[in-house]
Structure formats: C-alpha cells, structure tokens
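Numbering (full-length UniProt numbering), first residue to last: 1 to 705.
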C-alpha cells in the first residue's frame, strides 16, 4: 500500500482503486476493525488491514455486494433519505479516527459536521430517485440536474414530485422546462415522496408568486403551458424558440423580451382581436404596447427572416420542383426538370376609406365590399412560393398574373420553357400570353352558351381540379388560422398588409403540412383515370337516341323496398369511385335535403330498362331546377365494378372520371346510406331557422302597453 506525502504529512490511497485520500470532499472512510477488514477482503478479494483507507465509491460497491441485515437497514433509512437528495458539499474539516475495542466489529465513519435536514413523507407520486442516469430514458451521458422550474412544471401539471438531485438528458429540456410530450413519458416509481422541508417551502413560495404573475411574465419566462401557447399562437415552444433565433436584429428591452413581443404579435395575427382585448387577456399595461410589440416583430421579419426564407427572391428552382405532388406528376407526366405552379387571388376585406380615389379602386362590384387582393403562387403540394400584392379590387386574376410575368426580376426568373400552370377559369384572358412564353396553361373547360361540356372536356376539367385544389386549401388555412387576415382589416394596417400575408405564408411553409390528395395513395384510382379520361359517355348517346330526357313519363316515389338489386359499396369503395372525398361530402349534403321529417328520402325514380334507373335530383343552387340522372348498373353485384355507366344532364354530368354530385348522391344512398340506421343530416339545426311559422307577429296596438 503506497502512501503519498505533502509537507511532511502522509496521505493514504484507496486500497481498491488507488484514489488519493485528499480528493475526498465530504467524508473519509478508514478500516478500524478486524471483522470489517475480513469482510472487505472476502467480498472485494483484497488484502486490507487496520487503518487502510477506502473511498466512498468502493465502499458503496462493498455495501451493495454485502447488504446489511434488515434491522440495520431500518435504522439507517432516515439517513439514506437525506443522502439521496443532497448535492456536493463544500468546505473541509478535521478528521479523527476512533479506535474500537477488538471485541467489537465496527466501521468508524467521521463526517464533516453537517446538520441533517428533516424529511416529510407526502402522498405525491414520484419517479425513481437517481443521480447516475436520466430518470426519463436511462442514459448516463450528457445529463444535467433537473432544474427547479422543470420540477415545478411537472408538479403543477401532473402532481408528480421529482426529487432534488435527479438528473435527465439536456435534450429533454427547453428553457429549463420539459417538453410537453416528455412529461407524459414520466413513469411513477412510488406513490409516496420523502420531501425536505426546504423543498416544500420553496415550492409553496414559487406557487404563490406564480399566482400573482401576469400572462406576459409567464410567456417571458417560457413557463406558459404548451396547450395555452398553442391556443394563443398556433405554435409550440420549440417553434417559438426557433423563430426567436431567426430574429437576429431584435433585442430585449426593459418592457419586454423577444419572446413576449413574438407571442403578442402571433396572438394578434391568430385572433384578429383589438389591441384592448389582447392587452386585457395578456395583462399588458397599455393597449399601445400591442402595436409597439407588433411593429418591432414586423420589422424583424422584414429584415431578418423573410429575405432569405420566403418569396420569389429566396426560392430555389430545384427545391420547388421537389415539391411537386405525386398526383400531378402522374396525371400530367411532369418531368424531373419541369415546374408545376398553381396560382389564384384571394380577398382581404377592409374598412371603407375616406380617400375617394382609393375607395373607387378598392371597391369590388362582385363582392359588394371594399377589399384588396393578395395573389398566391404555390406548388402542386401547397408549398407557398410567394404571396404578392395586394392588388386593387378592380384587377382580375388574369390582369394580375400578366403584370407579374412582365416583371423581369420577378417570377419569370424561376421559370423555364415547358413549365405548367394550373389555373381556374378566371385566368382565361392570360392563356395566350402563357402560351407565347412557351408555358403550358391547364384550365377547366369553358361551357360558353352550351348547356353541357363534352365528356372529354368534363374529364379534363376534373383532372385540373384534382391538382389546383391546393391553392384553395392554402387560402382556407390562412383564413382559419390567422383571423386578422380573414376579419375586416383595419385601414391603418393596410400599408403592412403585404408583410402580414407573407408572414402568414412563411409560418404555414415552416410549421404547416403539405397537401397531398388521397388519390395519390390509391394506384387503382390513378390507373382508372388514365384509362377512361379519353372515353366518351356512351350512356349519354343512348339517352339521346332513345329520347329518354324528352319523353313525358310518370315517376314513382322511391320506397325502401325498391331497387334492392343495386350494387352495395363500402365507404372506401365510394371514395375510390368518386376519385376522392369531395364528392362523397357533397352527396351527403345533397341527400340530406331530400330527407323528410319521418326520415324517408323523397326521390322519384323510373326504370328505363331492367338495369338502367332514372332519378330526378334537385339543384342545390336553384330550387326550381331539377336534373335527370341515369345509372346503368349490374344487378346484385358488390363493389365499384357494379356501376357500369352514369350520366346527368347538368353541366358536368357527361364526365366519366368520377361523377357529378347529383349522380353521387343517388349512388351513395342506394349503395350505402339506405343500409345505415340513421342517415347523416349535416347542420340539421339550421334547417328551420327561417321558418315563417316561428316569426312573432307584433300588434300595432302593443305600444299602448
């Protein structure tokens, strides 16, 4: 056993690991009895003697391998409670060895003088108490002590007490708090906790202080719950921290920090409430602070975030090509070097203006309201390239797109010959310009003065709609998530309207999801579309040859025991046949209008042949208008193959890809809904809201009362 010396004093080393006695910070252990030396020699296979030194770690190993009798464990339970939660002690003190009688086997442990703190046992569940590894995942590397704020967070939200000294991985924490999903992963080890008195006092004091805090204080400390933050801003704490790190030019001030300003701005953008309401909810001193915070965030977005992360100038062509939706690639054979874009304008309604010139340019004769027009350009999966404008209300979509294409430093810098534009009928006046620029413009067919589109035109229109619906979804999400852009916009904020729209688009790109049609995941739908997109509707030809639409014939009410040989289909079969969920939703609404008070369906039908049925369906737009629907089916069959042909005399009724909503309503009822216990009636409470029978009649003489 080698000893080390310093200034004439001898220091011993651990008999097992060789650790220097001087490295012991709290207390030291020496062997002072023969019986203890024999036990250590036997358990650890050593050759120790009286007076030898053993470090705390090695002695703990010895205790683990040579446990005490039960009565000794009970006597030392209180001591273990205090030692399990203590942190590293500081300071030093004298060490004295006491020599025991040779007849008594004992181990003398002389510690630094330290007052033992009393523990209180309370009925609070707790996880395992450990300082060696993460109590959440069990890892032992890169672990830190659990901060008090995180312990308080778990206690207030789940009533689980985490012992002082427990450790966890740093990846479980954000701003000295746990991620919400980490809290749900805490495993309870026991339903009772031994808590030091000082911990109880500290916890109660902090809870008292928290009661007096305003919401803005909790936001600034990142102590607001994830659920409430999600309601206020639509984002998580992780998202908020990410945005804060992007705002490099913004600094904390005496009245607020960056996170407080960011949450106030996002709450304003999400709710559209007045400054007075936001100040009252968040506990701000003055409503003007909402405007001040928002102005600083707007400036930081404009300087730090948007120039490199959103808009045409920040876009990369290959990145945009990678955002092409699978359904667009398959239906229109978009190559790996081609870009597919979807464009559309939307509306930003605002107050009337006392500026007569602007009032004339901002008044929409179509919407009968003052507004301006942001213009959205996105890829076929809903990734927003830019939101341009806003433009005057008197400008139509074709004129706006033409002005964008004329900008040499704008969208044209991203485009190449052969790129595809998916547009609606409002862009018909710019189709020729797109063609001259060697771009392919895809737009639903124009009916003109005709009563109906041809089968091929109707099919092509349906295919375009299957791709360009994403821009409508983007506008719907912006209106739903950010009420400031959906409600009436304050005229004072109109100069920043473009910036607000771009910020909304950036937030959706960064934290939102991409839009992929359910058709993309069904190969059989895509294969069916490519197979029949060029086929004519033969049932239309048969109907015209036999003059079924011009003959005056008597229809009979459709009873529950009629047409029982119609094919049966599941909901998934219907989605496949309708090429998506949209027609299924429309058919439910159409059918609900035909349901009588006694839960029967008011349909009139006629069998032209044994396997062709004719049914009249009322238009959802014009009450007096009805359409004749013809369905050719295979009796007593199951699945989509049982519907052979279908035709309706509405504008899109001749198409063979899917079907119109009128035919869809009939197929839905006969193949599926009639077998349900109750047919769904959407928003039934609104049906009789304008019933004239419930309008009170006011007596002219009632004013005498």
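Glycine included, C-beta positions come from ideal geometry on N, C-alpha and C.
Just so you know, these numbers come straight off a predicted model, no measurement behind them.
> So, is residue 678 buried or exposed, given that buried needs 16 or more other C-beta atoms within 10 angstroms?
Replying inline: exposed
> How is the alpha helix (DSSP H) around residue 329 delimited, first residue to last?
Replying inline: 326–332
> From what residue to what residue does the beta strand (DSSP E) around residue 649 run?
Replying inline: Premise fails: residue 649 is in no beta strand (DSSP E) and is neither H nor E.
>> At the level of alpha carbons, what is the spacing between residue 689 and residue 654?
In response: 36 Å
> Looking only at its own chain, which residues have a Cβ that is under 6 Å from the Cβ of residue 251, when we skip the five neighbours before and after it?
Replying inline: none
>> Going by beta-carbon coordinates alone, are residue 601 and residue 669 separated by less than 8 Å?
In response: yes
> Would you say the region 462–480 touches the region 335–349, given that touching needs at least three Cβ pairs under 8 Å?
Replying inline: yes
>> Once the 5 residues before and after residue 663 are set aside, which same chain residues still bring their CB inside 6 Å of it?
In response: 629, 646 and 648
>> Quick check on this structure: which residue in 42, 55 and 36 has the alpha carbon closest to the alpha carbon of residue 12?
In response: 55
> Do the region 159–177 and the region 120–137 make contact, defined as three or more Cβ pairs closer than 8 Å?
Replying inline: yes
>> Measuring straight from C-alpha to C-alpha, what distance separates residue 95 and residue 16?
In response: For residue 95, the predicted structure reports a pLDDT of 40, less than 50, and the residue's modelled location is therefore unreliable. The matter cannot be settled from this model.
> Which of helix, strand or coil does DSSP assign to residue 408?
Replying inline: coil
> Apart from the five residues just before and just after residue 183, which ones in its own chain have a Cβ nearer than 7 Å to its Cβ?
Replying inline: 154, 157 and 158
>> Using the Cβ count rule (16 or more neighbours within 10 Å means buried), how would you classify residue 228?
In response: exposed
> If you draw a straight line from the C-alpha of residue 124 to the C-alpha of residue 143, how long is it?
Replying inline: 25 Å
>> Can you check which of these residues, 533, 586, 525 and 607, is closest to residue 557 by C-alpha distance?
In response: 607
> Taking the alpha carbon of residue 528 as the point to measure from, which residue in 470, 550, 589 and 463 has its own alpha carbon closest?
Replying inline: 463
> Ends of the alpha helix (DSSP H) at residue 736?
Replying inline: As shown, the chain starts at 1 and ends at 705. That puts residue 736 outside it, with no answer to give.
> Name the DSSP beta bridge partners of residue 370, please?
Replying inline: 363
> Can you tell me whether residue 190 is buried or exposed, with buried defined as 16 or more other CB within 10 angstroms of its CB?
Replying inline: exposed
> Could you give the uninterrupted runs of the beta strand (DSSP E) lying entirely in the region 164–242, keeping only those of 3 residues or more?
Replying inline: 167–169 and 193–196
>> In the DSSP output, what is residue 345 paired with across the bridge?
In response: 375
> So does residue 310 have its beta carbon nearer than 7 Å to some heavy atom of the ligand SAH?
Replying inline: The ligand SAH is absent from the structure shown, which contains no ligands of any kind.
> What residue from 294, 161 and 374 has the CA that sits closest to residue 485's CA?
Replying inline: 374
> In whole angstroms, what separates the C-alpha of residue 291 from that of residue 666?
Replying inline: 55 Å
>> According to DSSP, is residue 644 part of a helix, a strand, or is it coil?
In response: strand
> Using the rule of at least 16 other Cβ atoms within 10 Å of the residue's Cβ for burial, across every protein chain shown, is residue 707 buried or exposed?
Replying inline: Outside the displayed range of the chain (1 to 705) lies residue 707, so it cannot be described from this structure.
> Who pairs with residue 159 in a beta bridge, going by DSSP?
Replying inline: In the DSSP output, where bridge partners are listed per residue, residue 159 has none listed.
>> Within a Cβ cutoff of 6 Å, which residues of the same chain sit near residue 301, ignoring the five residues on either side of it in sequence?
In response: 503
>> Is it buried or exposed, residue 675, if we count other Cβ atoms within 10 angstroms and call 16 or more buried?
In response: exposed
> Run through DSSP, which three-state label would residue 543 get?
Replying inline: helix
> Where do the N-terminal and C-terminal ends of the alpha helix (DSSP H) with residue 599 fall, by residue?
Replying inline: Element bounds for residue 599: n/a, residue is neither H nor E.
> In three-state terms, what does DSSP make of residue 252?
Replying inline: coil
> Are the region 254–269 and the region 308–325 touching, with three or more C-beta to C-beta distances below 8 Å?
Replying inline: no
> How many Å lie between residue 186 and residue 173 at the Cα?
Replying inline: 14 Å
>> Within the continuous beta strand (DSSP E) that includes residue 52, where are the two ends?
In response: From DSSP, residue 52 is part of no beta strand (DSSP E); its letter is neither H nor E.
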